[in-house]
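In the numbering used here, the protein residues as written are 972 to 1032.
Glycine included, C-beta positions come from ideal geometry on N, C-alpha and C.
Because the structure is a prediction, the values reported are computed rather than measured.
Here is the structure we will look at.
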């Protein structure tokens, strides 16, 4: 971190989480699954093809 003193250890816990398309649907009660809209990645820098690749890799990227 550019603003951190050199004589201190810092642990960056600023996680960047990307929800997978099925992250809510897999855990939702049956009566709500059809009411949940699909995840929209349009505001993201990740393309639909990259999302598909991440999903196919078991959610790891």
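Inclusion of residue 1007 and residue 1014 in the CB contact set at 8 Å is not warranted, their separation being larger than that value. Under the rule that a run must span 4 or more residues, the alpha helix (DSSP H) segments found entirely inside the stretch 978 to 1014 read 1001 to 1004. The DSSP-derived three-state label of residue 1028 is coil.
When only Cα atoms are considered, residue 991 and residue 1001 end up about 19 Å apart.
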